Amino acid sequence: MEGVIKWFSEEKGYGFITAANNIDYYFHVSDIKGSLLPEKGQNAHFNAESTSKGHRAKNITLTKNNIASDNRLDFCKNCNKKIIPRMITYRGEPQKTVCPYCATVIKNFDDNFLGEIIAAIFYCFTSMIKILFEFITWIFSIIANKRK
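For the sequence shown, position 128 matches number 128 in UniProt numbering, and the numbering has no gaps at all.
See below:
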């Protein structure tokens, strides 16, 4: 049977596989053939069995990874659906891309770095003006005291 890893916890050692028939199958790390741990969204081939506790996957073979190696996301990391990310803009500037099904943020376009540089330059400039103003008032106070 074929399916996609829905989620897997390395700490707990178990997870779930969603099959093509939308049934979730429980699996334990000991059911996986090979030494690699599964990742969310990864394809898997397995044998299904029904137990008193529910559906279980056995003899799991991890096949290909659904997430492309060139950082282009083909499957949402949250809902495991094949997606074309949607761009969110604000005032014509890209802000982020999201999954069209579950609205999970895929990528943030954080332009705050340029804003932080401009703010730092402005702060330095105003600080220099303040220091210059205090220096000039100090010089005038010295000159005024010498005239007395």
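C-beta: ideal position from N, C-alpha, C; glycine also. Since this is a predicted model, take the numbers as computed values, not measurements.
For Asp-24, the enclosing beta strand (DSSP E) starts and ends at 24-28. Counting along the chain, Tyr-90 sits inside the beta strand (DSSP E) bounded by residues 86-90. Counting only residues of its own chain and dropping the five nearest sequence neighbours on each side, Val-29 has a CB closer than 6 Å to the CB of Gly-13. One thing to note: Glu-2 has its Cβ within 8 Å of the Cβ of His-45. A buried status is given to Thr-97, since no fewer than 16 other beta-carbon atoms sit within 10 Å of its beta-carbon.
Under the DSSP assignment, Lys-107 falls in the beta strand (DSSP E) whose first and last residues are 105-108. The beta carbon of Leu-37 lies closer than 8 Å to those of Phe-8, Glu-10 and Val-29 in the same chain, with the five residues before and after it left out.
Counting the other CB atoms within 10 Å of its CB gives Gly-92 a total below 16, which places it among the exposed residues.
Taking a C-beta distance under 8 Å as the contact criterion, Thr-104 and Lys-130 do not qualify as a contact pair. In the structure shown, Glu-11 adopts coil according to DSSP, grouped into three states. No Cβ-Cβ contact shorter than 8 Å links Ile-23 with Gly-15. When DSSP states are grouped into helix, strand and coil, Ala-20 belongs to the coil group.
If you look at Lys-96, you'll find it in the beta strand (DSSP E) that goes 93-98. Around Thr-63, the same chain offers Asn-43, Ala-44 and His-45 as residues with beta carbons nearer than 7 Å, after the five sequence neighbours per side are excluded. Counting the other Cβ atoms within 10 Å of the Cβ of Tyr-123 gives fewer than 16, which makes it exposed.
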